[in-house]
Every structure is written in structure tokens, then in C-alpha cells.
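Following: one structure in C-alpha cells, then a few remarks.
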Amino acid sequence: MNSVDREERFCDAFARALLMPATTVRKKAAELRDAAGQFSVRQLLAMAVYFHTSIEAMTRRLEGLGLLPKGTFESLKSKGLGTQHLEEVRRELDEPEAVNRFTPRTLMLAAEAFEKGLLSEQQIAKKLQLDLGAVRDVLEHVSPGGEGEALELAI
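Just so we're aligned: 33 in our numbering is position 33 of the sequence shown, and the numbers increase by one with no gaps anywhere.
Following this line, the structure appears as C-alpha cells:
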């Protein structure tokens, strides 16, 4: 294994541990399993919503922790599980849709591109797969020149 592969594996492991800490994932999985009496696809999707991750990332993390059998993601994918199911669970959990899929930085960059005339509302909507109303809400509430300035200061 070369150093690039080792670095990539380290970065992947670090990201998993940071975004989905093992203790928290195990605790949330047990909580959902106990509440429902079993751990089903719905609980998996609820965890993806809770941790703000993709279905694949959540499934692979649960597989890695031994909470789901290896190959679960491939099996679910072949059965047609997709983002439409995640959005359905998100609605049921009363989570604000769509915009929560993006980091604040992504939304700030989109707003900045709009302010500079690099992208139109329609282009942002298409790229982020949002409706125009959601894009307008984002553009109204995200100010690239405001609070984010501190993040751009040189060190």
C-alpha cells in the first residue's frame, strides 16, 4: 500500500468518526430499534436524516460497526432504495427538506455566485436540485459578505 492510499484511508476513517461517532451511532441505532421493536429500513433512513448523511454513508457506517450485515447497501440499492425514500422520512420527521442536504458553506457559495452574477436563480435551482422558492429563501437568508467574512481571514 502506498502513502497516498494510506492517507486516503486515514481521511475516510477520520471523516466517518467525526461525522458519525461510533458511540453515538450505536446509541441512536439502539434507541430507534427499541422504539420500533426492530431495526428496519425506516430506522436506517431516520438515522441518515439525524446524522445529515447519505443513505450509503449511513449504511456503510452501520455495516462497519457490525450493526448491519455487510452488503446491506448493495441489497437495498438493488431493491430501489433512493433519495425519494429519504425525503419521505425527512418529511415524516418534520425536518426541513432539501436545503438541509447542504452545508452552510455550499449555500453561502451559491449566494455569492448569485450576487456576482455568475449563476442565476434557475441555475442554482438546477445544480442543487431545489425549487425556485427554496433557492429564493436561501438567497434571502444567506449573506456571503456578512457573518462568513471571519472564515475568510488569513491566518
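Where a beta carbon is used, it is the ideal one built from N, C-alpha and C, also for glycine.
Cβ distance (whole Å) where residue i is taken to contact residue j below 8 Å
i, j, result
"T53", "T72", "In fact, because the Cβ distance is near 15 Å, the residues do not count as touching under 8 Å."
"V89", "R42", "6 Å"
"A136", "E121", "Sequence inspection shows Arg at residue 136; the Ala mentioned does not correspond to that position. At roughly 7 Å, the Cβ-Cβ gap stays under 8 Å, so R136 and E121 are in contact."
C-alpha distance - residue i paired with residue j, whole-angstrom precision
i, j, result
"E112", "A134", "16 Å"
"L86", "S75", "16 Å"
"R33", "G66", "15 Å"
"Q84", "M47", "15 Å"
"A15", "A22", "12 Å"
"D12", "L139", "32 Å"
"S40", "R91", "18 Å"
"L44", "F51", "11 Å"
"E31", "K70", "22 Å"
"E7", "R101", "27 Å"
"N2", "R9", "11 Å"
7 Å Cβ shell around residue i - same chain, five flanking residues per side excluded
i, result
"A17", "none"
Residue i at chain B interface by Cβ criterion, 9 Å
i, result
"Q38", "Note that chain B does not occur in the displayed structure, where there is just one protein chain."
Beta carbon of residue i nearer than 9 Å to that of residue j
i, j, result
"A125", "L118", "no"
"A29", "L62", "yes"
"L128", "T103", "no"
Member of the options whose CA lies at the smallest distance from the CA of residue i
i, options, result
"V49", "E8, K79, M20 and K116", "M20"
"Q38", "L68, F10, G64 and S120", "L68"
"S78", "E56, R91 and E92", "E56"
"V25", "G64, R105 and R101", "G64"
Contacting residues, own chain, Cβ-Cβ under 6 Å from residue i (five flanking each side not counted)
i, result
"A110", "I124"
Residues of its chain near residue i, where Cβ-Cβ distance is below 8 Å and the 5 sequence neighbours each way are ignored
i, result
"L93", "A46 and V49"
"A36", "R42 and Q43"
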